[in-house]
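K.L.:
Have a look at this one before I ask anything.
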Amino acid sequence: MSHLFKPYTIKNLSLKNRIVMSPMCQYSVIKKDGAPNNWHFVHYVSRAVGGTGLIIMEMTSVTPEGRITNEDLGLWSDEQIPHYQQLINEIKKYDTKVGIQIAHAGRKAEDADQPVGPSDIPVEVLPEETKNGELKPPKALTNQEVKEIVQQFKHAAERAVKAGFDTIELHGAHGYLLHQFMSPSINNRTDEYGKDLALFGEEIVKEVKSVIPADMPLIMRISAMEYIDGGYELPHAIKMAKRFKSAGVDILHVSSGGEGPPGECKPLNTPGYQVPFARALKNQLDIPVIAVGKLSNPELAEATITNGDAELVAIARGMLNDPYWSLHAEKHLTRKGNPPAKYERGIR
């Protein structure tokens with residue numbers, strides 16, 4: 000029996016298989032109001048039809064100016080809730096659970112009039128990575144502004160619960176605000192948020208936990224190491240993650256990098272290259288993990304679960320290429336599939 004297609008349960012989240020659709024920005028908000036539209040409806044529902052166990056919706060900002068671009072999703076207003084409810088209700092018709100990744104882009108907010116960060120240290124980006132080829136220098140947040148953003152995460156989580164999401168993921172990776180605070184290379188503050196690099200994330204975790212159901216698992220995505228020269232390595236990520244687990248994180252979604260162009264240390268960018276990070280955090284913290292990073296080969300995804308490297312695998316580019324990746328992987332691994340009746344003649 001395929002381990003990839005065994006059910007998995009943590010708290011009240013019961014998944015039919017171990018496959019997660021990784022959050023991937025669609026840059027498809029049309030009216031800049033932050034609400035999902037028909038593109039998102041087709042994009043996510045098709046992956047539910049395609050057999051995914053858990054869909055984590057793309058990076059969704061807790062405030063308008065915290066988006067990467069003005070074309071990104073947001074959850075800063077109660078008016079946005081009905082748009083998510085309609086989408087969630089359709090996804091769940093296919094026995095797929097759905098989560099949302101809430102975040103703040105910080106110094107990587109491309110369209111903000113004034114990006115912000117823990118410090119005024121600018122982010123270096125490759126020209127092709129942004130719409131305008133560069134990013135504006137950030138303004139260092141005041142202590143009071145930091146506390147206000149913590150509350151914005153809390154309120155976004157409240158809206159996510161009202162909308163009907165099954166789980167919430169905090170984006171603490173890829174150089175966005177939560178990652179920025181935990182990075183010694185980016186955070187040079189002299190107040191408590193600089194002296195204690197885990198504090199900002201810890202406060203967000205605690206505030207979010209205070210408003211979500213006790214039996215709803217909280218996921219956190221983390222960069223296990225940085226690739227910029229002088230960036231942190233795995234031991235620092237483990238230290239940060241221990242604090243986040245103690246604060247209430249139930250699952251770690253383990254990625255790496257994103258804080259700037261790589262220096263001497265570069266990601267391998269080979270199939271499964273981040274799996275060792277996931278395994279290390281799982282073993283050190285005794286916590287369930289989601290592995291991610293070029294796992295689109297079904298045998299590799301299967302091996303990641305079978306070997307005990309992770310409890311779940313997140314598929315990103317593979318699902319952009321194939322909405323029915325999960326159904327096709329099941330057929331490939333087990334020689335049988337379980338598609339919707341309408342598709343049986345084509346997939347089974």
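Oh and the sequence shown: position 339 is 338 in numbering that gives the first Met the number 0, straight run, nothing missing. Positions of the beta carbon are idealized from the N, C-alpha and C atoms, including for glycine. All of these numbers come straight from a predicted model, not from anything done at the bench.
Hey, out of A300, I227 and K244, whose CA is closest to M219's CA?
P.N.:
For the purposes of this step, residue 219 is taken as the residue at position 220 of the sequence shown. Checking every option, the nearest Cα to that of M219 belongs to K244.
K.L.:
Pull the bridge partners of G116 from the DSSP assignment, please.
P.N.:
In the sequence shown, the residue the question calls residue 116 occupies position 117. DSSP output for G116 lists A139 as bridge partner(s).
K.L.:
Give every residue of the same chain whose Cβ lies closer than 7 Å to the Cβ of C24, excluding the five residues on either side of it in the sequence, and list them in chain order.
P.N.:
Taking the first residue of the sequence shown as 1, we reach residue 24 at position 25. These residues qualify, in order along the chain: E57, M58, I67 and D71.
K.L.:
Less than 7 Å between C-beta atoms, sequence neighbours within five positions excluded: which residues of the same chain meet that for K330?
P.N.:
Translated into the one-based positions of the sequence shown, residue 330 becomes position 331. Hits under 7 Å: G336 and I346.
K.L.:
Taking only runs that begin and end inside the segment 287-319, name each unbroken beta strand (DSSP E) of 3 or more residues, in chain order.
P.N.:
Listed in chain order, the complete beta strand (DSSP E) runs (minimum 3 residues) inside the segment 287-319 are 288-291 and 311-314.
K.L.:
Could you please give me the residues that DSSP links to V97 through a beta bridge?
P.N.:
In the sequence shown, residue 97 corresponds to position 98, counting from 1. Answer is I54, bridged to V97.
K.L.:
Quick one: what does DSSP say Y26 is sitting in, helix, strand or coil?
P.N.:
The residue given as residue 26 occupies position 27 in the sequence shown. Coil at Y26, not helix or strand.
K.L.:
How do the segment 249-266 and the segment 147-165 stand: do at least 3 beta-carbon pairs fall below 8 Å, yes or no?
P.N.:
With a cut-off of 8 Å, the segment 147-165 and the segment 249-266 do not count as touching, because too few Cβ pairs lie within range.
K.L.:
Determine the DSSP secondary structure at V19, reduced to helix, strand or coil.
P.N.:
As a first step, residue 19 is located in the sequence shown; it is residue number 20 there, counting from the start. Reduced to three states, the DSSP call for V19 is strand.
K.L.:
Apply the 10 Å Cβ neighbour rule to K30 and answer buried if 16 or more other Cβ atoms are within range, or exposed otherwise.
P.N.:
Translated into the one-based positions of the sequence shown, residue 30 becomes position 31. Its Cβ having fewer than 16 others within 10 Å, K30 is exposed.
K.L.:
If the criterion is Cβ atoms closer than 8 Å, does the pair V160 and I87 meet it?
P.N.:
Within the sequence shown, numbered from 1, the residue matching residue 160 stands at position 161. Within the sequence shown, numbered from 1, the residue matching residue 87 stands at position 88. Against a cut-off of 8 Å, the Cβ pair of I87 and V160 comes out as no contact.
K.L.:
Where P261 and E343 are concerned, what is the direct C-alpha to C-alpha distance, given to the nearest angstrom?
P.N.:
Counting from one through the sequence shown, the residue named residue 261 turns up at place 262. Counting from one through the sequence shown, the residue named residue 343 turns up at place 344. Those two C-alpha atoms are separated by around 46 Å.
K.L.:
What three-state label does DSSP hand L74 in the structure shown?
P.N.:
On the sequence shown, residue 74 is found 75 positions in, with the first residue counted as 1. Coil at L74, not helix or strand.
K.L.:
So the candidates are V122, G116, I101 and R278; which of them puts its Cα closest to the Cα of I227?
P.N.:
Counting from one through the sequence shown, the residue named residue 227 turns up at place 228. Cα-wise, what sits closest to I227 is V122.
K.L.:
Rounded to whole angstroms, what's the CA-CA distance from S182 to E298? Just pull it up for me.
P.N.:
On the sequence shown, position 183 is the one that residue 182 refers to. On the sequence shown, position 299 is the one that residue 298 refers to. So the alpha carbons of these two residues sit roughly 35 Å apart.
K.L.:
When the Cα of L14 is compared with those of L294, P216, I221 and G200, which residue comes out closest?
P.N.:
Looking up residue 14 in the sequence shown gives position 15. With distances taken between Cα atoms, L14 lies closest to P216.
K.L.:
Going straight from the alpha carbon of P338 to that of G50, what length do you get?
P.N.:
Residue 338 sits at position 339 when you count from the first residue of the sequence shown. Residue 50 sits at position 51 when you count from the first residue of the sequence shown. About 7 Å.
K.L.:
Which residue from G174, F180, A102 and T303 puts its Cα closest to that of L140?
P.N.:
Sequence index remark: in the sequence shown, residue 140 carries index 141 (1-based). Closest by alpha carbon: F180.
K.L.:
So what's V253 in DSSP terms, helix, strand or just coil?
P.N.:
Residue mapping note: residue 253 aligns to position 254 of the sequence shown, counting from 1. Strand at V253.
K.L.:
Using the rule of at least 16 other Cβ atoms within 10 Å of the residue's Cβ for burial, across every protein chain shown, is Q113 buried or exposed?
P.N.:
Position 114 of the sequence shown, counting from 1, holds the residue named residue 113. Exposed, by the Cβ-count rule.
K.L.:
Give every residue of the same chain whose Cβ lies closer than 6 Å to the Cβ of S45, excluding the five residues on either side of it in the sequence, and list them in chain order.
P.N.:
Position 46 of the sequence shown, counted from the start, is the residue given in the question as residue 45. Around S45: P322.
K.L.:
Might you give, ordered along the chain, the residues of its own chain that have their beta carbon closer than 8 Å to the beta carbon of K138, omitting 5 neighbours on each side?
P.N.:
By 1-based counting over the sequence shown, the position of residue 138 is 139. Counting only Cβ-Cβ distances below 8 Å, and skipping sequence neighbours, we find Q113, P114, V115, G116 and D119.
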